[in-house]
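What follows is a set of notes on a single structure, which appears directly below.
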Amino acid sequence: MSKAVTSLITQDDDALQVSAALLEVRDLLVEFHLRRGVVTAVSGLSYQLHRGETLAIVGESGSGKTVAAQAVLGILTTPPARVAGGEVLLNGQDLLLMSESERRRIRGEDIALIAQNASLNPVFSVGWQIAEPFRIHRGMSHRDSLIKAAELLDRVGIPAARSRLKDYPHEFSGGMRQRVSIAMAMALEPDVLIADEPTTALDVTIQAQIMALLQEMQGETGMGIVLITHDLGLVSEWADRLLVMYAGRECETGTVEEIFAQSAHPYTRGLIGSIPQARHKAGRLAPIPGSPPDLMQPAPGCSFAPRCAWAIDRCTAERPELKSLGSGRASSCHRTEKLLHVGEGEYQRHA
Amino acid sequence: MTLLNNDQENVENDSAEEAPRLSLRAAARSGPEPLRAADGLWRKVGHLLRRDVLGIAATTYLVLLLLTTVVGSFVLADSARNTNLHLRFVPPLSTQYGWEYVLGSDALGRSFLAQLTVAARTTLLISIGAVIAAAVVGALIGTVVGYARGRLDKVAMRIADVMLAFPSLLLALIVLYTLGAGLGSLILVLALARIAMYTRVARAETLAVRERVFIRASRAFGAGSLRIVCTQILPVIANPLVALATLEFALVMLAESALSFLGLGVHEPDVTWGGLIAEGRNYLQHAWWIALLPGLAITLTAIATNVLAELVRKAAESE
Ligand SMILES: Nc1ncnc2c1ncn2[C@@H]1O[C@H](COP(=O)(O)OP(=O)(O)OP(=O)(O)O)[C@@H](O)[C@H]1O
Ligand code: SF4
Ligand SMILES: [Mg+2]
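Chains as they are written, first to last, in the working numbering: chain V, 63 to 413; chain H, -19 to 299.
Set out below in structure tokens:
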């Protein structure tokens, strides 16, 4: 979304990159300790998010996107979940090392979440809920917080905002409810906004409106957005950078242009290949044959190997490490170099 | 019916008070009135009532009972105290000695209608007080441990099991022996014996609610556990708790009557229905109404609240 940021990333000065990152996640490891065994939902996820930037995290259902986001905020239910390793640096401070009460002060204030699905309590009026962050963090009185809530509703484009404060979530349409969620998340103008599938279950026109709203808010506040989605069409249109996840691991990361022009990972290529011709038309991902692996007993080697048309013997024996390809781009595939020399058409033939 | 419910109301009333000042809520705005959890419940009960003769009868009885009790305990307070030895054991259903004696008189010649009414007040006060106390404390504990899980939860649930298995009469004897009989200790005993029920129900409901997205979202805004329990979970689980409290009312009232009958109840001059029965036991031969009428009142009230409780349960489950 901003050229300045992109050019910043492409600089080779590592120190500058680190200092500029709003949010940096390093080697995040999340496990679920269940009676049946241990599910490793996220293993070794790393990313950086810069001011004014939108980073899209894409992957099939169950790839660990939501779990990773919740781990970053520290709102996983423990037990069964356990953040078993990694760092989450928000403005240079490690959230994972903080006490719960310190983290609570940061949530909503510096980093906010738009949760997947309805995040509104059905028994409270919308105004009361939007005003919550002001009461929690600013100790505002009920009346003052409601005034703020009205301003926010107005800002996210709800007509006659004041008169709708007393309405209940079920009295709003899906798109409106999502606007309300955005209003809540934006209440205290956080530095980082994690939007977990903010437009799923909305029709295409409303999707575009919601994304435009998020971008507008980003323009005003310079926040960084982590956009979690299934929808590569959405990514191509609204994100700066892309991180592709598969079975809790990072497959590939880079700028949206680079990856769409020439992806360095077979899974990403499969995803891109599965978008309908016109890229911005929403297309649910699926058409890669096969299903994701069991996260409880990960096979050795590449977790995508059983479904990969490019797999070689090495793939089932040795897990591919995430290799940097320079300028913020990375891929975890044994055949990355090969892929980078093969164009789209040739890939199709190969597959 | 319970404080829980009132909590919820307060929150909402707050906004009802504040909002008009800043909002220009258009009166003409179409669409249904916003549903509050609690008022939605009572509206649903009203809906169910329309097709239910028994329900209407029960509700009518309860409303009449409440009205007579409230009005009667002012109007009849004096007659309940005035003894008249010329009018001992006046049989009921005659207005020969004035309307106050329509239900007869007792051994001291007091109007039995007045006695019943004053006893009703004490009975209802104790029963409602005990139900509310048990519901509030039990629900709070259940919600907190259900939200916190872990060891706290396990310990609390074991204690609840023990409390429910413990003979209530024994518990009553212990408490009343140590604290002495009286209104306060009676409420305490009756509440103590039933707290565990609310704890169980509240915990089970909380377990279902705590994984819902809006709770996560609330945590993502930095809300603390106490805040989440009080403002996000309790209002959502209020309906089944209200249903339980309605059902528990009859049980508590019967227990209170039993205790009073055994002479473990309130002292003179306070009296409850159970106490009247105990007194009437002495005159069963020639003044049957002294034992029968309070017995009838207890039975009718218990049946009526059970009928209402069933309706509330249906309404709470119909969400
Ligand atoms: N409460 C839980 N208990 C056990 N395992 C869980 C739990 N929550 C998530 N998981 C595991 O974590 C994995 C990742 O789940 P997650 O919700 O992050 O997927 P996702 O990428 O957000 O999928 P979707 O696109 O459907 O939202 C799941 O496959 C599941 O195995
Ligand atoms: S490592 Fe092998 S199996 Fe895995 S994506 Fe690359 S080519 Fe496919
Ligand atoms: Mg998800």
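Even for Gly, the Cβ is constructed at its ideal location relative to N, Cα and C.
All of these numbers come straight from a predicted model, not from anything done at the bench.
Entirely enclosed alpha helix (DSSP H) segments - the region 288 to 320 of chain V, minimum 4 residues: Counting only runs of 4 or more, we get 294 to 300.
Taking the beta carbon of Ile106 (chain H) as the centre, do at least 16 other beta carbons fall within 10 Å, making it buried, or is it exposed? Classification of Ile106 (chain H): buried, given that the 10 Å Cβ count is 16 or more.
Interface partners of Ala174 (chain V) on chain H, CB under 8 Å: The contact set of Ala174 (chain V) on chain H, defined by CB atoms closer than 8 Å, consists of Ala200, Phe201 in chain order.
Short check: CB of Leu157 (chain V) to CB of Gly136 (chain V), under 9 Å? If you check the CB distance, Leu157 (chain V) and Gly136 (chain V) come in under 9 Å.
Consider the Cβ of Leu274 (chain H): report whether some Cβ of chain V lies at a distance smaller than 9 Å. Strictly speaking, residue 274 (chain H) in this sequence is Pro, with Leu absent from that position. Interface flag for Pro274 (chain H) against chain V is unset, since no Cβ pair is found closer than 9 Å.
Among all the DSSP beta bridges, which residues are the ones paired with Tyr230 (chain V)? None, per the DSSP bridge assignment.
Ser181 (chain V) versus chain H: which residues are under 7 Å apart at the beta carbon? By Cβ distance, chain H contributes Val193, Phe194, Ala197.
Using 8 Å as the Cβ pair cut-off and three pairs as the minimum, do the region 177 to 196 of chain H and the region 259 to 276 of chain H touch? In this structure the region 177 to 196 of chain H does not lie against the region 259 to 276 of chain H, because fewer than three pairs of beta carbons, one per stretch, are closer than 8 Å.
Looking at the secondary structure, which residues open and close the alpha helix (DSSP H) in which Phe94 (chain V) lies? Counting along the chain, Phe94 (chain V) falls outside any alpha helix (DSSP H), though it belongs to the beta strand (DSSP E) covering 83 to 96.
For Arg167 (chain V) and Ile192 (chain V), I'd like the C-alpha separation in whole angstroms. C-alpha separation (whole angstroms): 17 Å.
Closer than 8 Å: Thr261 (chain V) CB and nearest ligand 1 heavy atom: Because no heavy atom of ligand 1 lies under 8 Å away, the Cβ of Thr261 (chain V) does not count as near it: no.
What is the chain-ordered set of residues for which the beta carbon lies under 5 Å from any non-hydrogen atom of ligand 2? Here the residues come out as V:Pro328, V:Cys364, V:Phe366, V:Ala367, V:Cys370, V:Trp372, V:Ala373, V:Cys377, V:Pro382, V:Cys395, V:His396, V:Arg397.
Does the beta-carbon distance from Gln178 (chain V) to Asp253 (chain V) come in below 9 Å? For Gln178 (chain V) and Asp253 (chain V), no; Cβs fall outside 9 Å.
Boundaries of the alpha helix (DSSP H) in which Tyr178 (chain H) is found, first to last residue: That run of the alpha helix (DSSP H) goes 163 to 190.
Which of the three DSSP states is assigned to Gly11 (chain H) in this structure? Unreliable positioning characterises Gly11 (chain H) in this predicted model, as indicated by a pLDDT of 33, which lies under 50. The coordinate reading is nonetheless provided below. Here Gly11 (chain H) sits in coil by DSSP.
Step through the CB atoms of chain V and report whether any lies within less than 9 Å of the CB of Ala17 (chain H). In this prediction, Ala17 (chain H) scores a pLDDT of 49, lower than 50, which makes its location untrustworthy; the coordinate-derived value is nonetheless stated afterwards. Output row for Ala17 (chain H): interface = yes.
Local Cβ density within 10 Å of Pro220 (chain H), reported as buried at 16 or more and exposed below that: Buried, because 16 or more other Cβ atoms sit within 10 Å of the Cβ of Pro220 (chain H).
If you follow the beta strand (DSSP E) that Ser393 (chain V) is in, where does it begin and where does it stop? Start and end: 391 to 393.
If you run the structure through DSSP and keep just helix, strand and coil, what is Gly388 (chain V)? Per DSSP, reduced to three states, the secondary structure at Gly388 (chain V) is strand.
Would the beta-carbon of Leu28 (chain H) fall within 9 Å of that of Gly35 (chain H)? Yes, the Cβ-Cβ distance between Leu28 (chain H) and Gly35 (chain H) is below 9 Å.
Report back the beta-carbon spacing between Pro195 (chain V) and Met246 (chain V) to the nearest angstrom; my notes put them in contact at under 8 Å. 7 Å between Cβ atoms; contact.
Local conformation of Ala203 (chain H) per DSSP, three classes: Coil, per DSSP.
With distances taken between CB atoms, is the gap from Val318 (chain V) to Asp302 (chain V) smaller than 9 Å? Closer than 9 Å, so yes.
For Ser163 (chain V), decide whether its Cβ has a neighbour in chain H, counting only Cβ atoms nearer than 9 Å. So, interface residue.
For Arg381 (chain V), which of V:Ala103, V:Leu387, V:Ser394, V:Trp372 has the nearest alpha-carbon? That would be V:Ser394, whose Cα lies nearest to the Cα of Arg381 (chain V).
Enumerated in chain order, which unbroken segments of the alpha helix (DSSP H) with a length of 4 residues or greater are wholly contained in the region 206 to 289 of chain H? Counting only runs of 4 or more, we get 214 to 241, 253 to 260.
Met177 (chain H) beta carbon less than 9 Å from that of Leu239 (chain H): Result no, Cβ atoms of Leu239 (chain H) and Met177 (chain H) do not sit closer than 9 Å.
Mind checking which residues open and close the beta strand (DSSP E) that includes Gln110 (chain V)? Looking at the DSSP string, the run of the beta strand (DSSP E) that includes Gln110 (chain V) is 99 to 112.
For a contact meaning CB atoms closer than 9 Å, what does Arg169 (chain V) contact in chain H? Neighbours of Arg169 (chain V) on chain H, chain order: Arg199, Ala200, Phe201, Gly202, Ala203.
Which same chain residues, not among the five before or five after His396 (chain V), have their C-beta less than 8 Å away from its C-beta? Only Cys364, Ile374, Arg376, Cys377, Glu380, Pro382 meet the Cβ criterion.
Please list the terminal residues of the continuous alpha helix (DSSP H) segment that includes Val241 (chain V). The amino acid at residue 241 (chain V) is misidentified as Val; the sequence shows Arg. Residues 236 to 248.
Does DSSP put Gln271 (chain V) in a helix, in a strand, or in coil? In the structure shown, Gln271 (chain V) sits in a helix (DSSP, three-state: H, G or I).
Between Pro260 (chain V) and Ile176 (chain V), is the Cβ-Cβ spacing less than 9 Å? For the 9 Å CB-CB criterion, Pro260 (chain V) and Ile176 (chain V) form a contact.
Determine whether the beta carbon atoms of Gly254 (chain H) and Thr103 (chain H) lie at a separation below 9 Å. Yes. Within cutoff.
What do you reckon, is the C-beta of Pro360 (chain V) under 8 Å from a heavy atom of ligand 5? Looking at this structure, you won't find ligand 5 anywhere; what it does contain is ligand 1, ligand 2 and ligand 3.
Given the structure, does Thr139 (chain V) come close to ligand 3, in the sense that its CB is under 8 Å from one of the ligand's heavy atoms? Checking every heavy atom of ligand 3 against the Cβ of Thr139 (chain V), none is found closer than 8 Å.
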